[in-house]
Structures are given as C-alpha cells and as structure tokens.
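Here the sequence shown stands for residues 9 to 262, numbered as in my numbering.
Backbone N, C-alpha and C fix where the C-beta goes; we use that ideal spot for every residue, glycine too.
Heads up: the structure comes next, in structure tokens.
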Amino acid sequence: MPSSKTQRWDPTQYGKNARFVSDLGVPVVELLSPQPKERILDLGCGDGALTVKLGEVGCTLVGVDSSAAMVKATKALGLETYVMDGESLRFTNEFDAVFSNAALHWMKNPQRVIAGVWQALKPGGRFVGEFGGYGNVATIIAAIESALHTRGIVVANPWFFPGIEEYKGLLEAGGFEIKFISLIPRPTLLPGDVGGWLETFAQPYTSALPADERQSFTSEIVETLRNVLCDADGKWNADYVRLRFFAKKPNNAT
Ligand code: BEZ
9 MPSSKTQRWD PTQYGKNARF VSDLGVPVVE LLSPQPKERI LDLGCGDGAL TVKLGEVGCT
69 LVGVDSSAAM VKATKALGLE TYVMDGESLR FTNEFDAVFS NAALHWMKNP QRVIAGVWQA
129 LKPGGRFVGE FGGYGNVATI IAAIESALHT RGIVVANPWF FPGIEEYKGL LEAGGFEIKF
189 ISLIPRPTLL PGDVGGWLET FAQPYTSALP ADERQSFTSE IVETLRNVLC DADGKWNADY
249 VRLRFFAKKP NNAT
C-alpha cells in the first residue's frame with residue numbers, strides 16, 4: 009500500500025488486523041457512485057477487498073499498489089492490478105474515475121499524486137477518496153513518539169494527514185474543482201487491542217528499534233493507551249479522523 013520504505017505489508021496479517029479498513033469504506037464508495045461500464049482506477053488497492061466491491065456494479069476496475077505482496081493477493085482474486093508507486097502513476101487520459109480509500113496518507117508527496125491522478129483521468133473524470141485527515145490517530149502517535157523519545161529515538165511522522173484547507177488548496181493547484189470535502193472524526197473499533205494495529209501499521213516507527221525490543225515496546229504502548237482508548241468492555245477504539253473528498257477534472261480540461 010504505502011510508499012514508506014520501512015513498512016512491509018502481509019496480506020494475512022492485514023486480513024486479521026485491518027479488515028475494518030475496507031468494511032468502513034462504504035460511504036466513500038457511495039460518494040464515488042460507480043456506474044456500469046466506467047473504467048475506474050483504485051489507487052492503493054491494498055488486498056483488493058474494496059476493489060471487488062466496486063467491480064460488482066459492472067465497471068472495469070484497475071488497481072495499483074506499491075506493495076508487491078498485496079498485488080499478488082489481489083491477482084488471486086482475479087483483479088487487474090499492478091505494482092505501482094502512487095507518486096509515480098503511469099496512466100494517461102484513460103479513467104472515468106480515480107478512487108482511493110485509506111491509502112493517500114502513506115504518500116508524502118501529494119502534489120505528485122494529484123498530478124498523476126489528473127493525467128490518468130479523462131476530462132470530466134472524478135477523483136474521490138478518503139484517508140487520514142488532520143488529527144488522525146493523534147493519541148496513538150503521541151504515545152509512540154513519547155516512548156521512542158525516552159529511548160533517545162526520533163522518527164519523523166511517516167504519514168500525511170492534511171486539514172481541509174491544505175488538501176483543497178493542493179487539489180485546486182492541481183487543476184481540480186472541489187465538489188465536496190469534509191473532515192470526519194470516526195473513532196474506529198479495532199478487532200483486538202492497539203498492539204495489533206501497531207504491528208500492522210506502525211512499522212515506520214517500530215523498525216527504528218532493535219528487533220528484540222519491538223515486542224516489549226508494543227506492550228508498553230498498549231498499557232499506556234489502555235485507559236485512553238479501551239472501554240469498560242475491553243473494546244479498543246482508535247482515534248481516526250477521515251478526510252473525505254470529491255474532486256472533478258473539468259470537462260474542458262486538456
Ligand atoms: C488510517 O487509515 O488512518 C491509518 C492507517 C495506518 C496508519 C495511519 C493511519
């Protein structure tokens with residue numbers, strides 16, 4: 009999924025700890041409103057669960073992801089997918105829509121992503137997506153960075169979580185018309201404790217530690233966050249904030 013060099017994706021682990029990502033993607037699919045016979049690019053398609061759902065309406069789906077392991081898993085589902093970096097898309101004027109769920113926050117150079125999406129779209133095409141917005145997982149990041157700090161380790165935030173004005177400005181600078189953009193706090197129920205989330209998503213941080221210290225580091229974060237993110241029934245909710253948007257390449261664009 010991501011461009012981050014320190015993040016490794018394992019489709020099996022992803023299915024166990026992150027199925028909620030595609031399950032909660034329904035509102036952004038509805039915003040896209042895919043139509044039969046449309047040609048749609050799924051940017052950061054992950055394990056393809058949402059790509060399959062999009063294809064059910066009878067459009068042609070192409071998926072790209074920077075993880076070879078994820079793309080291999082999607083091919084087993086019969087999807088047309090390619091290993092491709094979202095910051096270096098290689099399509100020209102061929103899609104009715106570009107869709108992206110929970111992937112754009114891994115791409116730290118949004119100008120390059122937006123330029124590639126623009127080039128991939130036909131005039132009048134839509135760019136519809138959802139990803140982590142300003143304040144996303146701030147509680148988790150604070151706990152991780154504090155625990156690393158006590159070990160004398162500093163890791164730059166690996167994610168891009170913009171606010172509305174910042175992302176709107178980037179889309180407009182890329183030539184898009186904004187039809188909808190919203191920042192949506194969405195506390196997200198995790199399938200287990202926050203340790204599974206850390207193992208699946210936070211490798212850019214944990215890989216800064218020696219391998220034999222990662223397990224105890226994760227346990228420490230779980231205990232730090234237990235009072236904050238875990239309720240009386242033992243259910244863990246991550247402090248997700250989504251940035252959801254619908255942008256259009258003008259009909260008269262070249
Ligand atoms: C997210 O979907 O918001 C997210 C996933 C992994 C790391 C950071 C954020």
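Contact under 8 angstroms by Cβ, residue i with residue j
i, j, result
"Glu185", "Val36", "no"
"Glu46", "Ala105", "yes"
"Glu88", "Val70", "yes"
"Lys257", "Gly132", "yes"
"Gly94", "Val60", "no"
"Gly141", "Pro170", "yes"
"Tyr22", "Thr208", "yes"
"Ala111", "Gly54", "yes"
"Val145", "Asp247", "yes"
The ligand BEZ heavy atom lying under 7 angstroms from the CB of residue i
i, result
"Asn144", "yes"
"Tyr175", "no"
"His113", "yes"
"Trp167", "yes"
"Phe184", "no"
"Gly200", "no"
"Gly52", "no"
"Tyr22", "no"
"Phe209", "yes"
"Ala57", "no"
"Tyr213", "no"
"Ala219", "no"
"Gly171", "no"
Assumed close pair residue i, residue j - CB separation to whole angstroms, cut-off 8 angstroms
i, j, result
"Val136", "Leu51", "That pair is no contact at about 10 angstroms."
"Thr100", "Ala128", "7 angstroms"
"Leu251", "Thr147", "Their Cβ separation, rounded to whole angstroms, is 18 angstroms, which puts Leu251 and Thr147 out of contact at 8 angstroms."
"Gln15", "Pro212", "6 angstroms"
Nearest residue (CA-CA) to residue i, options the options
i, options, result
"Gly56", "Pro19, Lys116, Lys24", "Pro19"
"Ser190", "Gln211, Ser74, Glu173", "Glu173"
"Ile229", "Thr158, Ala76, Leu197, Arg194", "Thr158"
"Ala76", "Val91, Leu62, Gly86, Pro218", "Val91"
"Arg222", "Gly204, Gly182, Asp73, Phe253", "Gly204"
"Arg134", "Ile161, Trp167, Lys187", "Lys187"
Mind pulling the beta strand (DSSP E) runs of 3 or more residues that sit fully within the region 81-131?
-> Complete beta strand (DSSP E) runs here, min 3: 88-91, 103-109.
Jot down the residue ranges of each uninterrupted beta strand (DSSP E) in the region 23-57, minimum 3 residues, whole runs only, in chain order.
-> Complete beta strand (DSSP E) runs here, min 3: 47-51.
Can you list the alpha helix (DSSP H) stretches of 4 or more residues lying completely in the region 120-186, in chain order?
-> List check, alpha helix (DSSP H) in window: 146-157, 172-181.
Any alpha helix (DSSP H) of 4 or more consecutive residues that is wholly inside the region 190-252 | Within the region 190-252, complete alpha helix (DSSP H) segments of at least 4 residues are found at 202-209, 211-214, 222-237, given in chain order.
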